[in-house]
Each structure stands twice: as structure tokens, then as C-alpha cells.
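A.B. asks:
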Amino acid sequence: MNALRRLPYLLPGALLCLAIAFGSRQLMEIPVLQHLGLGSLTLAILIGLLAGNLGLARFGDIRPGVDLSRQQLLRLGVVLYGLRLTFQDIAALGPAALVIDTLMVTSTLCIAWFIGERLLKLPRESALLIGAGSAICGAAAVMASSPVLKARAEHTAVAVATVVLFGTLAMLLHPMIYAALPNLFGSQQAFGVFTGSTIHEVAQVVAAGRAMDPAAADAALISKMLRVLLLAPALLVLGRVGNTAAAEPGQRRKLHIPGFAVAFLLVSGLRSLGWVPHSWLAPLQQLDDVMLGMAMAALGLATRLGDLRKEGPKPLLLGAGLFIFLLVGGGLINGGVQYLFH
């Protein structure tokens with residue numbers, strides 16, 4: 001009954017996200033956009049950003065449905081994406097992917113702390129929030145880290161806007177680099193690992209991967225999900241280094257492993273064992289495309305670029321510095337580890 005009562009509040013935003021997702025798929029029929037290699041998911045977030053920041057939709061009216069699409073539908077979409085992958089695919093990446101992800105998360109957090117607090121004089125929690133979003137899984141990592149660091153609401157909002165902005169730039173840039181240098185790291189699969197280990201959001205990795213090669217897209221998402229699974233140990237570290245995050249004496253700090261990441265692996269396991277009927281795969285993958293498109297539209301609609309003005313240019317400078325490190329430093333780490341393991 002509660003779900004039925006909420007339906008009128010959810011429908012406006014959900015239908016808008018569905019319309020943007022459908023419209024982006026139709027726009028992909030335009031040859032110019034196909035040539036640019038943007039992909040329908042990339043177009044969905046760009047249309048959402050445009051509509052949300054130009055005031056083309058009253059956010060108060062659409063917010064419940066947008067939040068549903070941005071949170072629950074995104075997680076369901078990622079879970080269903082597991083039907084496209086098998087444990088054999090994961091094993092094919094080898095230990096190099098885990099080493100790369102661990103190095104990327106650790107180095108990005110350390111650089112965020114050093115540049116943000118020591119050089120830019122940002123509050124520690126603000127620097128670590130932007131670092132967590134850049135290092136692990138974008139806005140989701142910011143929201144998970146905020147209570148651990150006991151961060152103020154404005155710091156959280158600015159961190160979310162920052163990582164979504166630079167994650168979107170990375171999402172647009174990676175397919176362009178791939179189109180010019182598909183074998184930059186030796187293979188399409190290795191480039192996918194680079195993409196998954198350096199782009200901020202799960203949805204952005206999916207969008208960038210879908211604009212590349214299927215092998216690169218699969219490797220990108222597997223690498224990204226390995227990165228997401230590093231959220232729990234990262235939260236433990238953030239709770240210890242955050243100067244306002246110390247627990248009360250005798251109080252145990254709770255850590256939560258993202259359930260959708262575990263479910264993604266479980267669904268991949270079902271596919272690996274052949275327990276998913278082949279006739280189900282096509283319709284479930286089409287449903288997955290719709291969910292991910294709606295999630296990307298919602299992410300754009302919910303992002304307010306004006307939040308970046310609230311604390312001046314310093315968070316933006318930190319986000320830009322981490323963006324450059326993820327691209328350049330991430331490329332060097334990926335290249336070096338791939339070389340050592342091959």
C-alpha cells in the first residue's frame with residue numbers, strides 16, 4: 001500500500017527519466033552522433049545535465065522519481081549487467097586488474113589528502129570526500145563517506161557536484177582516446193581495465209564502455225566493480241584519518257559493503273553456471289539498457305553545477321588535479337602493472 005501511495009509522486013520524475021533515456025536512444029540514429037562515438041547513455045546524462053541546470057524541469061516535482069532512477073534503478077541496472085559477464089571473463093583479467101585498482105584507490109586518496117588539506121587548505125573532510133568520490137565510485141562513495149567523516153551537508157553537495165562533473169568529462173574523453181589508440185595498453189581489454197580503474201561513477205564507466213568495444217566495455221565494468229568492492233576497507237581508513245570521524249569510546253564503527261556489487265557478482269555467477277535460460281538474456285538485457293539510461297538521465301538532472309560556487313574554486317581545483325592524475329597517473333600505473341604481469 002505504501003508503494004501505491006508513493007506512485008503519484010514517483011511517476012513525474014521516473015517518466016521524465018524514461019523519456020530522456022528513450023530520446024537518447026533515438027538520437028543515436030543520427031550519423032553525426034554515431035561518428036562521435038558518444039553512446040546513448042552518454043547522451044542521456046548530457047541531456048539530463050542540460051535540462052536540470054537550465055531549469056527546464058521543476059526539480060521539486062520530479063525529485064522522488066529522479067532519486068528512484070538515480071539510486072535504485074542504477075543499482076538494479078548494474079546487477080542485471082552481470083548477465084553479460086561470467087566468472088571466466090573476470091578470471092581472464094587476471095590479478096593485474098586487482099593490483100591496478102588497489103593502487104589507484106590508495107594513491108588517489110593520498111593525493112587528495114595532500115593537495116586538498118596541505119596545499120589548498122581545504123577542510124580535511126571536504127578533501128577526503130572529493131578524494132573518495134574520485135578514487136572509488138563517484139557520488140555513491142561521497143555519500144557513503146560523509147557519515148564516516150561526519151562531513152557538513154555543503155561539503156557533501158560540493159563533493160558530489162565536483163566528482164560528477166569531472167567523471168562526466170572522463171566519460172566523454174575515454175571513448176575518444178580509445179578511438180584513436182585502442183591498443184594503447186596492448187589490447188582492448190587492457191584499455192577497458194584502464195577505463196574502469198580511472199573513471200569516477202559506475203554509470204559513467206558503463207556509458208564510456210558502451211561507446212567502445214564489447215571486450216573493452218566488459219573489462220571496464222569488471223575493473224570498476226572490483227574498485228567498488230574496495231569501498232569497505234577505504235571507509236575504515238577514512239574513519240581513522242578523518243579528524244572528526246573518531247568513534248566514541250566503546251562504540252564499534254559499522255562498515256557496509258555495497259549490496260549491488262555483491263548482487264552483480266551473484267548474477268554473474270548464475271550466468272557462469274548456465275542457470276539463466278538463454279531465451280531470457282535478450283529481454284533482460286533490453287530492460288537493463290532502459291534502467292541504465294534512466295539512471296544516467298537522473299544523474300544529470302540531480303547534478304547542480306551551481307553547487308561548485310559555494311566554496312570557491314578550491315574544490316574545483318582539487319577535482320581537476322585528481323582528474324588529471326586519474327588520466328595521466330592512472331595511465332602510467334596501468335601501463336606499468338600490465339607490463340609487469342605480462
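So the sequence shown is numbered by the UniProt record's numbering: it starts at 1 and just counts up by one.
Virtual Cβ for every residue (Gly too), placed ideally from N, Cα, C.
Just mark Cys137 as buried or exposed, buried being the case when its beta carbon has 16 or more other beta carbons within 10 Å.
C.D. replies: By the 10 Å Cβ count, Cys137 comes out buried.
A.B. asks: Nearest to Leu119 by alpha carbon, out of Ala157, Leu317, Leu326?
C.D. replies: Considering only alpha carbons, the answer is Leu317.
A.B. asks: Along the chain, which unbroken stretches of the beta strand (DSSP E) at least 3 residues long are found entirely within the region 119–193?
C.D. replies: For the region 119–193, not a single whole beta strand (DSSP E) run of length 3 or above is found.
A.B. asks: From the DSSP output, in three-state form, read off Gly55 for me.
C.D. replies: Looking at Gly55 - three-state DSSP - the assignment turns out to be coil, as it is neither helix nor strand.
A.B. asks: By the 10 Å Cβ neighbour count, where 16 or more other Cβ atoms means buried, how is Ser279 classified, buried or exposed?
C.D. replies: That one is exposed.
A.B. asks: Please state whether DSSP places Ile47 in a helix, a strand or coil.
C.D. replies: Note: Ile47 maps to helix in three-state DSSP.
A.B. asks: Who are the Cβ neighbours of Val66 in its own chain at under 6 Å, not counting the five residues just before and after it?
C.D. replies: Gly13, Ala298, Leu301, Ala302.
A.B. asks: Specify, as a first and last residue, the run of the alpha helix (DSSP H) that Ala216 falls within.
C.D. replies: Run containing Ala216: 214–228, per the alpha helix (DSSP H) assignment.
A.B. asks: Rounded to whole angstroms, what is the Cα-Cα separation between Leu129 and Leu221?
C.D. replies: Their Cα atoms are separated by approximately 23 Å.
A.B. asks: Mind reading off the beta-carbon distance from Gly293 to Ser107? Whole number of angstroms is fine, and I expect it under 8 Å.
C.D. replies: Gly293 to Ser107, Cβ: 33 Å. No contact.
A.B. asks: Which value, in whole angstroms, describes the spacing of the CA atoms of residue 350 and Leu122?
C.D. replies: Given a span of 1 to 342 for the chain in the structure shown, any question on residue 350 remains unanswerable.
A.B. asks: What would DSSP say about Gly39, mapped onto helix, strand or coil?
C.D. replies: Coil at Gly39, not helix or strand.
A.B. asks: As a quick exercise: from Val241, Ala232, Leu49, Gly336, pick the residue whose alpha carbon is nearest that of Phe185.
C.D. replies: Looking at the Cα atoms, Gly336 is the closest of the given residues.
A.B. asks: Only counting runs of 4 or more residues, tell me where the alpha helix (DSSP H) segments fall wholly within the region 263–338, in order along the chain.
C.D. replies: As far as the region 263–338 is concerned, its whole alpha helix (DSSP H) runs of at least 4 residues are 278–302, 314–324.
A.B. asks: Could you tell me which of Gly209, Phe323, Glu125, Ala203 sits nearest to Met176, measuring between CA atoms?
C.D. replies: Selected option, being the one with the closest Cα: Gly209.
A.B. asks: If we count Cβ pairs, one from each stretch, closer than 8 Å, do we get three or more for the region 264–279 versus the region 13–28?
C.D. replies: No, because fewer than three Cβ pairs between the region 264–279 and the region 13–28 fall closer than 8 Å, the two stretches do not touch.
A.B. asks: Is there a Cβ from chain C that is less than 8 Å from the Cβ of Ala179?
C.D. replies: In the structure shown, chain C cannot be found, because there is only a single protein chain.
A.B. asks: Suppose you measure from the CA of Gly331 to the CA of Arg6; what does that come to, to the nearest Å?
C.D. replies: Cα to Cα, Gly331 sits roughly 46 Å from Arg6.
A.B. asks: I'd like to know whether the C-beta atoms of Pro95 and Tyr9 end up nearer to each other than 8 Å.
C.D. replies: It is not a contact, given that the beta carbons lie outside the stated cut-off.
A.B. asks: Mapping DSSP to helix, strand and coil, what is Glu201?
C.D. replies: Correct three-state label for Glu201: coil.
A.B. asks: Determine the contact status of Ile333 and Leu103, defining contact as a CB-CB distance below 8 Å.
C.D. replies: Yes, the Cβ-Cβ distance between Ile333 and Leu103 is below 8 Å.
A.B. asks: What three-state label does DSSP hand Met104 in the structure shown?
C.D. replies: Met104 falls in the helix class under three-state DSSP.
A.B. asks: Whole angstroms are fine: how far does the CA of Leu93 sit from the CA of Leu327?
C.D. replies: Distance between the alpha carbons of Leu327 and Leu93 is about 20 Å.
A.B. asks: Exposed or buried, which one is His155 when buried takes at least 16 other CB atoms within 10 Å?
C.D. replies: Classification for His155: buried.
A.B. asks: Measure the alpha-carbon distance for Gly329 versus Leu33 and round it to whole angstroms.
C.D. replies: Using only the alpha carbons, I get a separation of about 30 Å.
A.B. asks: Just checking my contact of Leu149 with Glu125 at CB under 8 Å: how many whole Å lie between their CB atoms?
C.D. replies: Indeed they touch by this definition, with Cβ atoms about 4 Å apart.
A.B. asks: Which residue from Leu85, Leu83, Gln204, His200 puts its Cα closest to that of Gly319?
C.D. replies: Gly319 has its Cα closest to that of His200, out of Leu85, Leu83, Gln204, His200.
A.B. asks: For Trp227 and Ser197, what's the separation of their Cα atoms in angstroms?
C.D. replies: A small fix is needed here, since residue 227 is Arg in this sequence, not Trp. If I take the Cα positions, the gap works out to 7 Å.
A.B. asks: Suppose the cutoff is 7 Å on Cβ atoms and the five residues either side in sequence are ignored; what does the same chain contact list for Val99 look like?
C.D. replies: Excluding positions up to five away in sequence, the list reads Val337.
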